[in-house]
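**Student:**
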Amino acid sequence: MRGPNLTDDERHIIVCTLFEYSTKGKPKHRQIKELAQKFQVSRKTITEWWTKAKTQRTQGIPLDVNSRMPGKKGRSKITCPVEFVKTIALQDRAIIIDGLAFQVKHSRSTVYRWIRKGLLRSHTSAISPELTTDNKFLRIHFVLGKLYLDTLLRKLKFKDMSPCVHVDEKWFYMTKATQRYYLVNDEEIPYRSCKSKRFVVKIMFLAAVARPTYKENGDVLFDGKIGIFSFTFEEPAKSNSKNRAVGAMVTKAVESVNRDVMKEYFINKLIPALKTKWPQSASKNIIIQQDNAKPHVKSNDPDFVAVATSDGFNIQLQQQPPNSPDLNVLDLGFFRSIQSLQSSKPCKTVDELVKNVENAYENLSVECLDNVWLSLQACMIKTMKRKGHNDYPLPHLKKAAQRRAGTLPRDLVVDDDLVVECITYLHRMAGSYDLNVILENLGADTRF
1 MRGPNLTDDE
11 RHIIVCTLFE
21 YSTKGKPKHR
31 QIKELAQKFQ
41 VSRKTITEWW
51 TKAKTQRTQG
61 IPLDVNSRMP
71 GKKGRSKITC
81 PVEFVKTIAL
91 QDRAIIIDGL
101 AFQVKHSRST
111 VYRWIRKGLL
121 RSHTSAISPE
131 LTTDNKFLRI
141 HFVLGKLYLD
151 TLLRKLKFKD
161 MSPCVHVDEK
171 WFYMTKATQR
181 YYLVNDEEIP
191 YRSCKSKRFV
201 VKIMFLAAVA
211 RPTYKENGDV
221 LFDGKIGIFS
231 FTFEEPAKSN
241 SKNRAVGAMV
251 TKAVESVNRD
261 VMKEYFINKL
271 IPALKTKWPQ
281 SASKNIIIQQ
291 DNAKPHVKSN
301 DPDFVAVATS
311 DGFNIQLQQQ
321 PPNSPDLNVL
331 DLGFFRSIQS
341 LQSSKPCKTV
351 DELVKNVENA
361 YENLSVECLD
371 NVWLSLQACM
381 IKTMKRKGHN
391 DYPLPHLKKA
401 AQRRAGTLPR
411 DLVVDDDLVV
421 ECITYLHRMA
431 GSYDLNVILE
441 NLGADTRF
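Okay, so the sequence shown: first residue is 1 according to UniProt numbering, each after it adds one.
Structure (structure tokens):
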């Protein structure tokens, strides 16, 4: 069987071998046949090289039996018009690949090939909250308030986030409107139906998490999970059905979560759970960070203050900057991790949905929660770099690899020049803003 085209080096080896063992210009007996079998080429081809090489030696010119074929064969590859793609409007290269293929006048398979080679990449764009100038100002001010100056290392670092608890609410659904399944070829396609997508059962949950803390030997001292509470209630069934008898207790969702309901959950569920699970050795001065939703409890509510300052605790509420879900651990990634676990467990009743969510909350690893807190610090650094804007990609720190290597830091270090830029920006945006107040809060000296 004919082999692949020989390289130039292999051609030279064959010719030099013939010269080495030749006698009076004639090759050794059967040597051409042996070389042809070894290199899987025809004897005629080797004979042509041998004749050509003898002529060159006779004429005193350098030996040259290199291939005259070009380096690459076949039709030319279709190059990706990168610069032209940049000029195409985003709406003309969104949703499906056909739009981009039509614009560049090539087939879909060609565009797919460019993507596989890394010449193009797909990106899913999520809508971010629109920020005003005031929003950006408050975001920078909020982040700067989380820093302090390490006088020993002379570096700006994030304050200890252990005494900070993040709370937020989220809807969890009985099922998704679109669900992906992996089937065998001869399996029947699953059929799901309901009267309307609006009728898919959903429950709102209130979740609270703190940053996990560890002992000196690396064991978990506190997993950071305060609790997740469903906005549900039980009432007796008013009529018979195939699912339960009249009078049986039925779990239902709270239809309207207003400030009174939220206040009840804070006072009767969140604060007691926080006091029960909080480590004895930890500081009792705790900050609960929440967003600016209207139903949330106000920091000066007398009933909340009475419960929050009892039993030796001093719990205070703090509002995060408006339109800033990226500054809350739950919105940043913890809820998404819970939902991925919850959605993998089928459920048919409200009780099963509540149980699945609670199990997903408890089963999520401590390392995952700790990683999200570190991602929060990375997002804060990005916020400072973007002068309060949220138009940045979520930073990836390769936390899992660093954790395995034992090099994952507890807190991130902030560049001094970046802080100076942010302080200067704040001072320029608000001339009446007292620069010394920020410096005192950072514990920094005049070099900042």
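We put the CB at the ideal spot given by N, CA and C, even for glycine.
Measure the Cβ-Cβ separation of SER230 and ILE203 and say whether it is below 8 Å.
**Tutor:** As a working mapping, residue 230 is identified with position 230 in the sequence shown. As a working mapping, residue 203 is identified with position 203 in the sequence shown. Yes, the Cβ-Cβ distance between SER230 and ILE203 is below 8 Å.
**Student:** Tell me whether ASN359 sits in a helix, a strand or coil according to DSSP, three-state version.
**Tutor:** By 1-based counting over the sequence shown, the position of residue 359 is 359. It is helical.
**Student:** Under 8 Å between the Cβ atoms of ASN330 and GLN320?
**Tutor:** Position 330 of the sequence shown, counted from the first residue, corresponds to residue 330. Position 320 of the sequence shown, counted from the first residue, corresponds to residue 320. For the sequence presented, residue 330 should be read as Leu rather than Asn. Their beta carbons are not under 8 Å apart, which means LEU330 does not touch GLN320 by this criterion.
**Student:** Would you mind sorting ALA53 into buried or exposed? The rule is 16 or more other CB atoms within 10 Å of its CB.
**Tutor:** Position 53 of the sequence shown, counting from 1, holds the residue named residue 53. The residue is buried, with at least 16 neighbouring Cβ atoms inside 10 Å.
**Student:** If we require 4 or more residues per run, which alpha helix (DSSP H) segments fall completely within the region 273-347?
**Tutor:** As far as the region 273-347 is concerned, its whole alpha helix (DSSP H) runs of at least 4 residues are 302-308 and 335-342.
**Student:** Out of curiosity, what's the CA-to-CA distance linking PRO62 and LYS33?
**Tutor:** Locating residue 62 in the sequence shown gives position 62, where the first residue counts as 1. Locating residue 33 in the sequence shown gives position 33, where the first residue counts as 1. Straight-line Cα distance between these residues: approximately 26 Å.
**Student:** Taking Cβ to Cβ, would you say SER324 is nearer than 8 Å to ARG139?
**Tutor:** As a first step, residue 324 must be located in the sequence shown, where it is residue number 324. As a first step, residue 139 must be located in the sequence shown, where it is residue number 139. Taking 8 Å as the Cβ cut-off, SER324 and ARG139 qualify as a contacting pair.
**Student:** Going by DSSP in three states, THR133 sits in which element: helix, strand or coil?
**Tutor:** For the purposes of this step, residue 133 is identified with residue 133 of the sequence shown, where counting begins at 1. Reduced to three states, the DSSP call for THR133 is helix.
**Student:** According to DSSP, what are the bridge partners of GLY406?
**Tutor:** For this step, residue 406 is matched to residue 406 along the sequence shown. Bridge partners of GLY406: none, in fact.
**Student:** Using the beta-carbon count (16 or more within 10 Å), is PRO27 buried or exposed?
**Tutor:** On the sequence shown, residue 27 is found 27 positions in, with the first residue counted as 1. Result: buried.
**Student:** Between LYS136 and HIS389, what straight-line distance do the alpha-carbon atoms span, to the nearest angstrom?
**Tutor:** Against the sequence shown, residue 136 aligns to sequence position 136. Against the sequence shown, residue 389 aligns to sequence position 389. Rounded to the nearest angstrom, the two C-alpha atoms are 6 Å apart.
**Student:** How is GLN46 classed by DSSP in three states: helix, strand or coil?
**Tutor:** Here residue 46 is taken as the residue at index 46 of the sequence shown, counted from 1. Just to set this straight, residue 46 is Ile in the shown sequence, not Gln. ILE46: helix per DSSP, three-state reduction.
**Student:** Starting from GLY227, follow its DSSP beta bridges and name the residues at the other end.
**Tutor:** Position 227 of the sequence shown holds residue 227. GLY227 is bridged to ALA208.
**Student:** Is the Cβ-Cβ distance between SER122 and ALA282 less than 8 Å?
**Tutor:** Reading the sequence shown from its first residue, position 122 is the one you call residue 122. Reading the sequence shown from its first residue, position 282 is the one you call residue 282. It is not a contact, given that the beta carbons lie outside the stated cut-off.
**Student:** Comparing alpha-carbon positions, which option in LEU144, THR213, LEU376 and SER125 lies nearest ILE95?
**Tutor:** The residue given as residue 95 occupies position 95 in the sequence shown. Of LEU144, THR213, LEU376 and SER125, the residue nearest in Cα terms is SER125.
**Student:** Run the CB neighbour count on SER193, radius 10 Å, all protein chains shown included, and call it buried at 16 or more, exposed below.
**Tutor:** Looking up residue 193 in the sequence shown gives position 193. SER193 is exposed by the Cβ-count criterion.
**Student:** Going by the CB atoms, is the gap between VAL165 and ILE288 shorter than 8 Å?
**Tutor:** Counting from 1 along the sequence shown, the entry for residue 288 is found at position 288. Counting from 1 along the sequence shown, the entry for residue 165 is found at position 165. For ILE288 and VAL165, yes; Cβs fall inside 8 Å.
**Student:** Quick check on the burial criterion: 16 or more other C-beta atoms within 10 angstroms. Buried or exposed for SER375?
**Tutor:** As a working note, residue 375 is residue 375 in the sequence shown. Looking at its Cβ environment, which holds 16 or more other Cβ atoms inside 10 Å, SER375 is buried.
**Student:** Assign ALA253 to one of three DSSP states: helix, strand, or coil.
**Tutor:** Stepping through the sequence shown from its first residue, residue 253 is reached at position 253. Reduced to three states, the DSSP call for ALA253 is strand.
**Student:** Within the same chain, show all residues whose beta-carbon is closer than 8 Å to that of ASP260, passing over the 5 residues directly before and after it, in chain order.
**Tutor:** Residue numbering aside, residue 260 sits at position 260 when the sequence shown is read from its first letter. So no residue of the chain qualifies.
**Student:** Would you check if the region 294-311 and the region 262-280 touch, i.e. whether three or more CB-CB distances between them fall below 8 Å?
**Tutor:** Because the criterion of three Cβ pairs below 8 Å is met, the region 262-280 and the region 294-311 touch.
**Student:** What three-state label does DSSP hand LYS387 in the structure shown?
**Tutor:** Indexing the sequence shown from 1 puts residue 387 at position 387. It is coil, neither helix nor strand.
**Student:** Taking the alpha-carbon positions, what's the MET1 to LEU35 distance?
**Tutor:** Locating residue 1 in the sequence shown gives position 1, where the first residue counts as 1. Locating residue 35 in the sequence shown gives position 35, where the first residue counts as 1. Bear in mind that the predicted position of MET1 carries a pLDDT of just 48, short of 50, making it unreliable; the figure below should be weighed with that in mind. Answer to the nearest angstrom: the Cα atoms are 14 Å apart.
**Student:** Rounded to whole angstroms, what's the CA-CA distance from THR110 to SER42? Just pull it up for me.
**Tutor:** As a first step, residue 110 is located in the sequence shown; it is residue number 110 there, counting from the start. As a first step, residue 42 is located in the sequence shown; it is residue number 42 there, counting from the start. Rounded to the nearest angstrom, the two C-alpha atoms are 38 Å apart.
**Student:** Beta-carbon separation of GLY99 and ARG93 under 8 Å?
**Tutor:** Here residue 99 refers to the residue found at position 99 of the sequence shown. Here residue 93 refers to the residue found at position 93 of the sequence shown. Contact: yes.
**Student:** Kindly indicate which three-state DSSP category GLU234 falls into: helix, strand or coil?
**Tutor:** On the sequence shown, residue 234 is found 234 positions in, with the first residue counted as 1. In this structure, GLU234 counts as strand in the three-state DSSP scheme.
**Student:** Using the Cβ count rule (16 or more neighbours within 10 Å means buried), how would you classify ASP370?
**Tutor:** Taking the first residue of the sequence shown as 1, we reach residue 370 at position 370. It counts as buried.
**Student:** So which of LYS225, LYS294 and THR251 has the shortest CA-CA distance to ALA237?
**Tutor:** Sequence index remark: in the sequence shown, residue 237 carries index 237 (1-based). That would be THR251, whose Cα lies nearest to the Cα of ALA237.
**Student:** According to the neighbour-count rule (16 or more other Cβ atoms, all chains shown, within 10 Å of its Cβ), is residue 537 buried or exposed?
**Tutor:** There is no way to answer for residue 537, as the model of the chain reaches only from 1 to 448.
**Student:** Return the first residue and the last residue of the alpha helix (DSSP H) that TYR425 is part of.
**Tutor:** The sequence position of residue 425 within the sequence shown is 425, counting from 1. It spans 416-429 - the alpha helix (DSSP H) in which TYR425 sits, taken as one unbroken run.
**Student:** Considering only DSSP beta bridges, list what ILE203 is partnered with.
**Tutor:** Start at 1 with the first residue of the sequence shown, and residue 203 comes out as number 203. Answer is PHE172, bridged to ILE203.
**Student:** Give the secondary structure of HIS166 by DSSP, where H, G and I count as helix, E and B as strand, and everything else as coil.
**Tutor:** Counting from 1 along the sequence shown, the entry for residue 166 is found at position 166. Of the three classes helix, strand and coil, the one that applies to HIS166 here is strand, per DSSP.
**Student:** How is ASP186 classed by DSSP in three states: helix, strand or coil?
**Tutor:** As a working note, residue 186 is residue 186 in the sequence shown. Correct three-state label for ASP186: coil.
**Student:** Looking at the strands, I want to know which residues DSSP matches up with LYS197.
**Tutor:** Here residue 197 refers to the residue found at position 197 of the sequence shown. Beta-bridge pairing links LYS197 to no other residue.
**Student:** Could you say which of ARG113, PHE158 and PHE335 lies nearest to CYS368 if we only look at CA atoms?
**Tutor:** In the sequence shown, residue 368 corresponds to position 368, counting from 1. Checked all of ARG113, PHE158 and PHE335; the closest Cα to CYS368 is PHE335.
**Student:** Ordered along the chain, which non-local residues of its own chain (more than five positions away) have a Cβ less than 7 Å from that of TYR392?
**Tutor:** Residue 392 sits at position 392 when you count from the first residue of the sequence shown. If we look at TYR392 and ignore the five residues flanking it on each side, its Cβ neighbours are LYS382 and ARG386.
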